[in-house]
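In full-length UniProt numbering, the protein residues as written are 1 to 68. We put the beta carbon where it would ideally sit given N, CA and C, even for glycine. Source: prediction; values computed, not measured. Following: one structure in C-alpha cells, then a few remarks.
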Amino acid sequence: MEKTILIEGMSCGHCVKAVKEALKELDGVKSVVVDLEGKKAVVEGDNLDDNKIKEAIDEAGYDIIEIK
Numbered sequence: 001m002e003k004t005i006l007i008e009g010m011s012c013g014h015c016v017k018a019v020k021e022a023l024k025e026l027d028g029v030k031s032v033v034v035d036l037e038g039k040k041a042v043v044e045g046d047n048l049d050d051n052k053i054k055e056a057i058d059e060a061g062y063d064i065i066e067i068k
C-alpha cells in the first residue's frame, strides 16, 4: 500500500528529517520519501492508518492538507 501525504509547513532539511522520522515510527511503515519542494511525503507499508499518519505529522509540528 502506498499513500501520498500533502504537508504544509515544511521549509528546510530539518523539516524533512522530522517528518521522515515521525512517519517511520508508525506500525507497518516500510519506507518514507519526503519531497520538500513538492510539499509531500510518500509512505509505503502495510495497514497504514490515516488517523495515525495525521497524528504523527501533527505531533511533528506540521499540517496535513490531504492524504491520497
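For the candidate residues A60, N47, I65, whose alpha-carbon lies nearest to that of K20?
That would be A60, whose Cα lies nearest to the Cα of K20.
When the Cα atoms are used, what is the spatial distance from D58 to I64?
About 8 angstroms.
Kindly identify the DSSP beta-bridge partner or partners of S31.
E44.
In the DSSP assignment, find the unbroken beta strand (DSSP E) run with E66 in it and report its ends.
Unbroken beta strand (DSSP E) run through E66: 63-67.
In terms of residues, what are the limits of the alpha helix (DSSP H) holding L36?
Note, L36: premise wrong, no alpha helix (DSSP H); not H, not E.
Taking K30 as the reference, give the member of V43, A56, K39, M10 with the closest Cα.
Comparing Cα-Cα distances from K30 to each of V43, A56, K39, M10, the minimum goes to V43.
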